[in-house]
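For the sequence shown, my numbering gives the first residue as 3, with consecutive numbering after it. Think of the CB as a built atom: it goes at the ideal place given N, C-alpha and C, for glycine as much as any other residue. Each remark here refers to the structure printed beneath this line.
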Amino acid sequence: MCDPKDAAARGALSILSELEEPIRVMGVGTGSTVDRFISLLAGSEISEGIEGYVPTSIDTGLKLYSRGLRRVLDSIPVSDKIDVYVDGADEVDPSGNLIKGRGGALLGEKIVAYSSRLNIIIVDESKLVETLGEKKPVPVEVVPRALGYVYRVLESMGLNPRHRSCSCKDGPAVSDNGGILLDLHTGPMKDPRRLDVELHMIPGIVETGLFLGLTDIVVVGSRDCSWRMLRFDRGRR
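See the structure below:
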């Protein structure tokens, strides 16, 4: 028996080693599974050819630097795309749609996902669901001055919003960007794409944790230390 997160991280590294095109700029997500990936990447030959890393959060940037991966970029290069983005997910449906953002970095993660040529998601088997919303809430980031209004609108929509608490401070959890994090307890969603559009139309909502049509590969780790790869065709941006 082993930790399936470790198996997923090893699988991602194996896939990266077989890519034909060189990896010059890599996007790196946020979360416990990604932490395992960073540890493996730091000791691999793959890291030797990478010119820069784009972290999705301050936490990830610090972890990259502390493990010797010190070519951390403050922003996405203007002249080129990110070659590969590796991140985890809270839920993955059969079409490769995701719920992300439990680490509070959903805005940074969405920006990097849209800017990457290849998105690789690493998860353990428990993250696979038939319908988004089965197990996890949908995070949203809200501008502080709009919080009261947005909260009331989300309640009226029947989305059961809840402030996310933070153990390291009093009050609600705050993102790296200063936004307030809310979790929407939607239950299984019939039409996540429509919900995503509706949420983005509410003034004050900065971003949602619905990542739809952005996945190329999902690496699923198992407790027997094996991993498998699921492919999706999102097209190249």
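Discussion item. As a quick exercise: from G223, L18, R233 and P24, pick the residue whose alpha carbon is nearest that of V125.
Written reply: G223
Worksheet item: Secondary structure at T217, three-state DSSP: helix, strand or coil?
Response: coil
Fill in: Coarse secondary structure for R239, derived from DSSP in three states
Its pLDDT being 38, under 50, R239 is placed unreliably in this model, and the value from its coordinates should be taken loosely. Correct three-state label for R239: coil.
Worksheet item: So, L186 versus V144, is the Cβ gap smaller than 8 angstroms?
Response: no
Item to complete: Following the continuous alpha helix (DSSP H) through L201, name the residue where it begins and the one where it ends.
Response: P194 to H202
Fill in: Spatially closest choice to G105 from D89, V56 and S97, by CA coordinates
D89
Worksheet item: Just checking, does the segment 9-21 make contact with the segment 36-47 on the three C-beta pairs under 8 angstroms criterion?
Response: yes
Discussion item. G211 and G103 - do their beta-carbons sit closer together than 8 angstroms?
Written reply: yes
Discussion item. Less than 8 angstroms between the C-beta atoms of D155 and S118, yes or no?
Written reply: Per the sequence shown, residue 155 should be read as Val rather than Asp. No.
Discussion item. Let's test the definition: count the other Cβ atoms within 10 Å of the Cβ of V199 and tell me whether it reaches 16, buried, or not, exposed.
Written reply: exposed
Worksheet item: Across which residues does DSSP place Y87 in a beta bridge pair?
Response: G29 and N121
Fill in: CA nearest to the CA of I48, picked from P79, R236, D61 and L15
L15
Worksheet item: Leaving out five residues before and five after I122 in sequence, what residues of the same chain have Cβ atoms less than 6 angstroms from its Cβ?
Response: A14, V88 and I219
Worksheet item: Contact check, L75 vs L43 under 8 angstroms by CB: the rounded distance?
Response: So it is not a contact: roughly 16 angstroms between Cβ atoms.
Worksheet entry | CA-to-CA distance, P190 to G110, given in whole angstroms | 25 angstroms
Fill in: When K112, G160 and D172 are compared against V56, the one with the closest alpha-carbon
K112
Worksheet item: In three-state DSSP terms, what is I182?
Response: strand
Discussion item. Only counting the same chain, and skipping five residues up and downstream in sequence, which positions put a Cβ closer than 6 angstroms to that of G33?
Written reply: G90 and G105
Discussion item. In whole angstroms, give me the CA-to-CA distance for T62 and I84.
Written reply: 16 angstroms
Practice prompt. For the beta strand (DSSP E) holding R69, just list the boundary residues, first then last.
Written response: Careful: R69 lies outside any beta strand (DSSP E) and carries neither H nor E.
Discussion item. Just verifying my parser: in three-state terms, what is the DSSP assignment at L161?
Written reply: coil
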